[in-house]
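The sequence shown begins at 1 in full-length UniProt numbering and counts up one residue at a time. Glycine included, C-beta positions come from ideal geometry on N, C-alpha and C.
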Amino acid sequence: MSQPLSEHLLRGHHRDWQVLPAEDHLPIAGRIKAGRSRPGVTRFDPRCFLDEEDVLIELALLGMERIAPVYRLGPDGTRVHGFIEGEPLSALRPPGTPLSGTELDQLARLFGELAAIPPAALALVHSCPVPDRPRTSREFARRLVRFTRRRVYARHRAALGGLFQTLGIDSDVLSVTGPLVREAARMTNRPFCLLHGDLHRDNLIVAESDGQLWTIDWELAMIGDPLYDLATHLHLMDYPERQEQAMVVRWAGAVEERLPGAAEGLPRDLPRYLAYKRVQSVFTDVIRQAIAVREAPVGQLGERLTTAGEMVSRALRRAERPLGLGRVPSPSVVEGVYAAFHAGAVPVPAAPSGGAPLGGARSTPAVGRPVPPAPRATGRAGRSSATT
Numbered sequence: 001m002s003q004p005l006s007e008h009l010l011r012g013h014h015r016d017w018q019v020l021p022a023e024d025h026l027p028i029a030g031r032i033k034a035g036r037s038r039p040g041v042t043r044f045d046p047r048c049f050l051d052e053e054d055v056l057i058e059l060a061l062l063g064m065e066r067i068a069p070v071y072r073l074g075p076d077g078t079r080v081h082g083f084i085e086g087e088p089l090s091a092l093r094p095p096g097t098p099l100s101g102t103e104l105d106q107l108a109r110l111f112g113e114l115a116a117i118p119p120a121a122l123a124l125v126h127s128c129p130v131p132d133r134p135r136t137s138r139e140f141a142r143r144l145v146r147f148t149r150r151r152v153y154a155r156h157r158a159a160l161g162g163l164f165q166t167l168g169i170d171s172d173v174l175s176v177t178g179p180l181v182r183e184a185a186r187m188t189n190r191p192f193c194l195l196h197g198d199l200h201r202d203n204l205i206v207a208e209s210d211g212q213l214w215t216i217d218w219e220l221a222m223i224g225d226p227l228y229d230l231a232t233h234l235h236l237m238d239y240p241e242r243q244e245q246a247m248v249v250r251w252a253g254a255v256e257e258r259l260p261g262a263a264e265g266l267p268r269d270l271p272r273y274l275a276y277k278r279v280q281s282v283f284t285d286v287i288r289q290a291i292a293v294r295e296a297p298v299g300q301l302g303e304r305l306t307t308a309g310e311m312v313s314r315a316l317r318r319a320e321r322p323l324g325l326g327r328v329p330s331p332s333v334v335e336g337v338y339a340a341f342h343a344g345a346v347p348v349p350a351a352p353s354g355g356a357p358l359g360g361a362r363s364t365p366a367v368g369r370p371v372p373p374a375p376r377a378t379g380r381a382g383r384s385s386a387t388t
């Protein structure tokens, strides 16, 4: 996701981008953008590729359209992206508002294109050691939970564990015996393909040239279960409820046509992945907002506290069922917790599991209700034989 810092500077979660005109002597039409990594940025998602540029180059070779071209410039071969002139979909269709039928169809085609790209097609740039790659949907889902447990929560527990406790978030939801891992073991195994991993309204550009959706920000692309990409998309897009179901139907038809078996078990497994995404979002937002509050410049603390209250309360509300919360703290209550954290008044936890002083009596965690089955399309494409 990119946010404008100035007319020619964009900030994403992992890189800052400078938008520049292409020099006259270069065979490049339009503007380019050059990225610079942001040091010390916490990563909250697993990655399969070291560089987004590697993914984009491979996709271009595979014939995928409506992605940014990659150019090498200068004697050191610095790689830059072609800049897609247009508006983010979020500016034209804000979260919570419906998309047009044409836009839904374009997204379904994109998912179909991704489903048609087998793991073997990106083997040369896949950075994960082969023995460490999940080979089934069940293993894939378990490793997502493990990543959040080890690389997100555990790394921040010493500094922020008291914050989780005070907000009523029990880290046992991520444990090896917790509800998310138990549900992962019940997953239907599906063939793997390329996933975008972060497909939301800010990463879809409505191009000036043709009004079509172009896809940017492939940094979280990975190889895995195609249903996870749909769950991530639904979680981030914030569709109106009826349109969410319409997108599920379109997705199922598109991926089954290109990768038979990709939509197997959809009604049971989509709620399982959505439960994980909602829990992951809570841990991610709590940590991100803590960092933002802790590093607030003079004069911006009040604004940062308000944002923390709104974002974390919303994340808790969406994850109420899988977290087993008795009640969800309001934005003003969460804001007060972060104010106490900033003042050093939130205690360091004494035990690995968090209590629930704000969440009230804890109910049994649930991963969500099954969704209605979507029609399946039969296609001619064969199942991918790659298992990485």
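Secondary structure of alanine 116 (DSSP, three-state): coil. When beta bridges are read from the DSSP output, phenylalanine 140 appears opposite no residue.
A straight-line Cα-Cα distance of about 19 angstroms links isoleucine 223 and leucine 107. One alpha carbon belongs to tryptophan 17, the other to glycine 82, and they sit about 12 angstroms apart. If you draw a straight line from the Cα of phenylalanine 147 to the Cα of proline 46, it is about 7 angstroms long. Three or more beta-carbon pairs separated by less than 8 angstroms are not found between the region 167 to 183 and the region 43 to 61, which leaves the two stretches without contact. With a cutoff of 8 angstroms on beta-carbon distance, alanine 319 and valine 286 are scored as not near each other. Here the region 115 to 135 does not lie against the region 174 to 184, with fewer than 3 beta-carbon pairs under 8 angstroms apart.
The alpha-carbon separation between leucine 114 and glycine 178 amounts to approximately 31 angstroms.
The Cβ atoms of leucine 259 and alanine 116 sit closer than 8 angstroms to each other.
Rounded to whole angstroms, arginine 314 and proline 331 show a C-alpha spacing of 8 angstroms. With a 10 Å radius around the Cβ and a threshold of 16 neighbouring Cβ atoms, glutamine 300 comes out exposed. Taking a cut-off of 8 angstroms on C-beta distances, the region 255 to 274 does not touch the region 289 to 300, as fewer than three cross pairs fall below it. A direct Cα-Cα distance of roughly 7 angstroms separates threonine 188 from serine 137. Collapsing the DSSP output to three states places aspartate 198 in coil. Between valine 312 and valine 334, the beta carbon gap of about 5 angstroms places them in contact (Cβ cut-off 8 angstroms). Per the Cβ contact rule, the region 66 to 74 is not in contact with the region 242 to 253 (fewer than 3 Cβ pairs under 8 angstroms). By the CB criterion at 8 angstroms, leucine 270 and leucine 230 fall inside the cutoff. Where leucine 234 is concerned, the enclosing alpha helix (DSSP H) starts and stops at 226 to 237. Of the other Cβ atoms in all chains shown, 16 or more fall within 10 Å of the Cβ of valine 328; this residue is therefore buried. The C-beta distance from leucine 266 to leucine 227 rounds to 7 angstroms, short enough to fall under 8 angstroms. DSSP assignment within the region 164 to 190 yields the following whole alpha helix (DSSP H) runs of 4 residues or more, N-terminal first: 179 to 184. With a contact defined as Cβ atoms closer than 8 angstroms, leucine 213 and leucine 89 qualify at about 7 angstroms. Using a Cβ distance threshold of 8 angstroms, glutamate 183 and arginine 38 do not count as a contacting pair. Residue state for arginine 36 is assigned as strand, using DSSP reduced to three classes. The region 72 to 87 makes contact with the region 200 to 216: 3 or more CB pairs, one atom from each, lie closer than 8 angstroms. Here DSSP, grouped into helix, strand and coil, assigns proline 21 to strand.
Between proline 95 and aspartate 238, the gap from beta carbon to beta carbon is short of 8 angstroms. The bridge partners DSSP lists for glutamate 103 come to none. CA-to-CA, the gap between isoleucine 32 and glycine 77 works out to about 15 angstroms. CA-to-CA, the gap between leucine 220 and arginine 15 works out to about 13 angstroms.
When C-alpha distances from histidine 235 are compared across Ala246, Ala275, Arg186 and Tyr153, the shortest belongs to Ala275. Here glutamate 87 carries a strand assignment [DSSP, helix/strand/coil]. Between arginine 190 and alanine 262, the C-beta spacing is below 8 angstroms. The residues Leu163, in chain order, have a CB closer than 6 angstroms to that of phenylalanine 341 in the same chain once the five nearest residues on each side in sequence are set aside. Excluding its 5 nearest sequence neighbours in each direction, aspartate 54 has C-beta neighbours in its own chain below 8 angstroms: Val125, listed in chain order.
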